[in-house]
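Before any comments, here is the structure.
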Amino acid sequence: MRPERLIDCHTHLNNYHESTRRPTTDHVQDLFAKMDEVGVDHAVVISSYKVDMDRPSVEHLIELLAADPRTTLVEGLRWRGEARTDLFGLEERIRDGLVKGIKLYPGYDHYPINDASLETVFRIAAKHDVPVMIHTGDTYAKTAKVRMAHPLLVDDVAVDYPDVKLVMCHLGNPWFQDAAEVLYKNDNVFADISGLTLGEFTYDFERYVAMRLKDMITYMGDPGKQLMYGSDWPLVHMKPYVRLLHELDFTDEQLENIAWRTAARLFRVPVDRIGSRGGEGVVP
Ligand SMILES: [Zn+2]
49 MRPERLIDCH THLNNYHEST RRPTTDHVQD LFAKMDEVGV DHAVVISSYK VDMDRPSVEH
109 LIELLAADPR TTLVEGLRWR GEARTDLFGL EERIRDGLVK GIKLYPGYDH YPINDASLET
169 VFRIAAKHDV PVMIHTGDTY AKTAKVRMAH PLLVDDVAVD YPDVKLVMCH LGNPWFQDAA
229 EVLYKNDNVF ADISGLTLGE FTYDFERYVA MRLKDMITYM GDPGKQLMYG SDWPLVHMKP
289 YVRLLHELDF TDEQLENIAW RTAARLFRVP VDRIGSRGGE GVVP
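Counting in our numbering, the sequence shown runs from 49 upward without gaps.
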């Protein structure tokens with residue numbers, strides 16, 4: 049069965065290789081082309097923890113994406129580099145509805161998830177009721193400190209800020225069991241299934257990921273309450289990821305929640321802007 053709608057709650061518009069460096073407008077076009085190809089109706093685009101020639105600023109992304117209702121923007125927090133996020137500016141963008149969530153990059157940006165300096169960030173999220181996405185688990189960059197991104201630390205934040213909705217990105221890969229416990233214990237924690245491979249899955253690794261996800265779900269109970277579909281495109285190709293979603297034996301009700309309902313609620317995507325899919329999509 050295919051879900052009625054599909055939201056990819058985790059995409060980026062960065063360059064990841066110098067050899068394939070392109071202007072951001074090209075990435076935007078590519079995003080919409082891929083969405084059409086695999087049947088994704090709406091994408092959450094997440095800005096980076098850095099701004100440089102490979103990582104566009106949130107202001108630039110706001111300009112580029114303003115004309116198209118098929119995306120929702122989440123602002124990446126820049127917290128340890130030379131140019132830190134100005135929280136007044138962040139709060140204004142949230143207040144004005146230009147940004148619908150905040151993304152933390154612990155580990156990449158050399159702070160742990162439960163760092164006390166983030167208090168104001170969580171207070172802004174609570175005040176405006178926007179979710180805070182948190183990178184958890186393995187890091188793409190060798191310069192990141194992976195211990196700081198351990199999913200168990202999300203529990204500290206979930207307890208200290210019960211009014212904030214937290215999204216553990218990548219299910220804490222490879223600490224799936226720890227992530228499952230944090231989800232089971234905390235109703236204000238959600239998770240996306242993005243970024244569990246790079247590019248295409250190998251056969252063995254796809255089996256491995258599917259098994260770990262099934263183990264997590266057995267432990268957690270109802271996956272329809274907290275899990276969301278996300279890919280981590282362009283680091284991950286969209287097509288095999290949509291296929292993975294269909295391999296996880298969710299009930300129809302769970303699948304609808306994971307594919308779009310939970311994300312639509314969290315990021316406040318108006319349902320009439322998601323559209324029921326008419327395209328071919330990926331047939332499971
Ligand atoms: Zn990502």
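Ideal Cβ placement from N, Cα and C applies to all residues, glycine included.
As the structure is a prediction and not an experimental result, all values here were calculated from the model.
task: Provide the residue(s) that pair with G124 in DSSP beta bridges, ordered along the chain.
output: K151
Three-pair Cβ contact test at 8 Å for the region 213-230 versus the region 171-188: yes
query: Excluding sequence positions up to five away, which residues of its chain have a Cβ less than 6 Å from the Cβ of L244?
result: N221 and V257
task: Helix, strand or coil for L214, going by three-state DSSP, please let me know.
output: strand
query: CB-CB under 6 Å to A311, same chain, minus the five flanking residues each way: which ones, in chain order?
result: I55, C57 and M276
- prompt: For G124 versus Y153, is the C-beta spacing smaller than 8 Å?
  reply: yes
field: Beta-carbon proximity of Q274 to F249, cut-off 8 Å
entry: no
- request: Tell me F238's beta-bridge partners as DSSP assigns them.
  value: V215
Cβ-based neighbour list, G327, same chain, cut-off 7 Å, excluding 5 preceding and 5 following: The predicted model places G327 with a pLDDT of 44, which falls under 50 and marks its position as unreliable, so this point remains unresolved.
- request: Put H90 into one of helix, strand or coil per three-state DSSP.
  value: strand
- prompt: Hey, quick one: how far does the alpha helix (DSSP H) through H108 stretch, first residue to last?
  reply: V106 to L113
- prompt: By DSSP, does I161 sit in helix, in strand, or in coil?
  reply: coil
task: Rounded to whole angstroms, what's the CA-CA distance from K213 to E111? Just pull it up for me.
output: 27 Å
- prompt: Straight-line CA distance for V178 to L135?
  reply: 14 Å
message: Applying the 10 Å Cβ sphere with the 16-neighbour rule, what's the burial state of F253?
response: exposed
message: In the DSSP assignment, the beta strand (DSSP E) including M181 goes from what residue to what residue?
response: V180 to H183
message: What does the alpha-carbon distance come out to for the pair A197 and F80?
response: 30 Å
- request: Would you tell me roughly how many angstroms separate the C-alpha atoms of P282 and T120, rounded to the nearest one?
  value: 16 Å
message: Distance check for D280 and P332, CA to CA, integer angstroms please.
response: The predicted model places P332 with a pLDDT of 45, which falls under 50 and marks its position as unreliable; any figure quoted below should be read in that light. Straight-line Cα distance between these residues: approximately 20 Å.
Closest by C-alpha distance to D116, when choosing among L146, K98, R128 and D100: L146
- prompt: Buried or exposed: which applies to M101, given that a residue is buried once 16 or more other Cβ atoms fall within 10 Å of its Cβ?
  reply: exposed
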